[in-house]
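Colleague: Before I ask anything, here is the structure I am working with.
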Amino acid sequence: MQAHSDFHALSSGIADIIAAVSPSLFQVVGRRGGTAVVTTHPGRAVTATHVVGPRERVHLRPVGAAGHVDLIEAELIGRDRATDLALLKLAVPVAVAPTWADDETLRVGELALALGRPGSGVASALGQIARLGGPWWTPHGAPIDRYIDVDGRLPDGYSGGPLVRADGTLLGMNTHAHLPGGAVLPTRTVLRIAEALEAHGRVRRGQLGVTVQPGTVRAADQTWSGLLVTDVRADGPAASAGVQTGDLLLEVDGRATTHPVHLLGALTGRVDQPTAIRVLRGGAAVELMATPTEAPSSVSESPAAEESNCATASRWLRASCRRGS
């Protein structure tokens, strides 16, 4: 009887969590379909960029609604293709925003719920935290604050929906982008990108005006790994800082740069800010200071922005690991 009671309590607890979070979820109506979830602001919601596409206005279906007469309109504030996150302004704010929690105390083995609105009702998938890791980078070089791996594959229609902890708090946003089987953008990443989109309509990513490729140099009885500078734009920030062709770029803003995506990640949020650069030149490390400018071909855009060329840049990264920053 005790086992039966415990199982019933677990089942009821899961159902209670879903019921509590459901009012914060919307079905994104359109060809792709997907989910949107309210942020810490009751008048804002996030979803996956690939779900909304190029649209400036998005129609959402709230919980309990079925027909088109119950749809609400949302304005696209901005989208960031590098992280696959878009920010929406709700025409009708929800009564209470959900609680987004940090993942500092999250442990492997904890149960978690992926929630989505693939159809007219809320759907859930129960899983467990299979693995935790440090920061990682998307194929476009966007830094994600923490790696959270949930066992099982993210079901269709769940992109843009939340990952929910056993206490009912939101751990992040799920997306089918970036990784096979789905990925989790943790709370810190979601709120950071949403804040940038609210302020600028895009995420401002920096550039140094260099072309680089991974390289290794043996000097002073030591092996150095970094990014070999193959070209320096004459009027760029790197040239002004004294970076030269042939330098091995070791660190930017204190972060090791052994792959082009590391460079892209280090320059995110550094536009117009003096940034420390460490290069290897002539067998010795040299410290420089550069002020990155905003990259013109940003994968983060407001609705009025032109289509970017970063899909091409991403192909360069995959094909040859060579990229102008």
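So for the sequence shown, my numbering puts the first residue at -14; every next one is plus one. Every residue, glycine too, gets a C-beta built ideally from N, C-alpha and C.
(1) Can you name, in chain order, every residue of its own chain whose Cβ lies under 6 Å from the Cβ of D134, other than the five neighbours on each side?
(2) Check for me: the beta strand (DSSP E) holding R187 runs from which residue to which?
(3) What does DSSP give as the partner residue(s) for S210 in the beta ladder?
(4) Within 10 Å of its beta-carbon, does H(-7) have 16 or more other beta-carbons around it, so buried, or fewer, so exposed?
(5) Residues in the same chain with beta-carbon distance under 6 Å from E292, minus the five sequence neighbours each way, listed in chain order, please.
(6) Where does the unbroken alpha helix (DSSP H) through V37 begin, and where does it stop?
(7) Can you give me the start and stop residues for the beta strand (DSSP E) that S314 sits inside?
(8) Just to confirm, are D88 and Q113 a CB contact at a threshold of 8 Å?
(9) In three-state DSSP terms, what is G63?
(10) For the beta strand (DSSP E) that contains L234, what are its first and last residues?
(11) Classify L111 as buried or exposed, calling it buried when 16 or more other Cβ atoms lie within 10 Å of its own Cβ.
(12) Apart from the five residues on each side of it in sequence, which residues of its chain come closer than 6 Å, Cβ to Cβ, to A108?
(13) Taking the alpha helix (DSSP H) that H44 belongs to, which residues open and close that run?
Modeller: In short, the structure shows the following:
(1) A115, R116
(2) Run containing R187: none; DSSP gives neither H nor E here.
(3) T201
(4) exposed
(5) Caution is warranted here: a pLDDT of 27 is assigned to E292, below 50, making its placement in the model unreliable, and the coordinate value is therefore given only provisionally. Around E292: no qualifying Cβ.
(6) 34 to 37
(7) The structure shown does not extend to residue 314, since the chain spans only -14 to 310, so no value can be given for it.
(8) no
(9) strand
(10) 233 to 237
(11) exposed
(12) G101
(13) Element bounds for H44: not the alpha helix (DSSP H) but the beta strand (DSSP E), 42 to 47.
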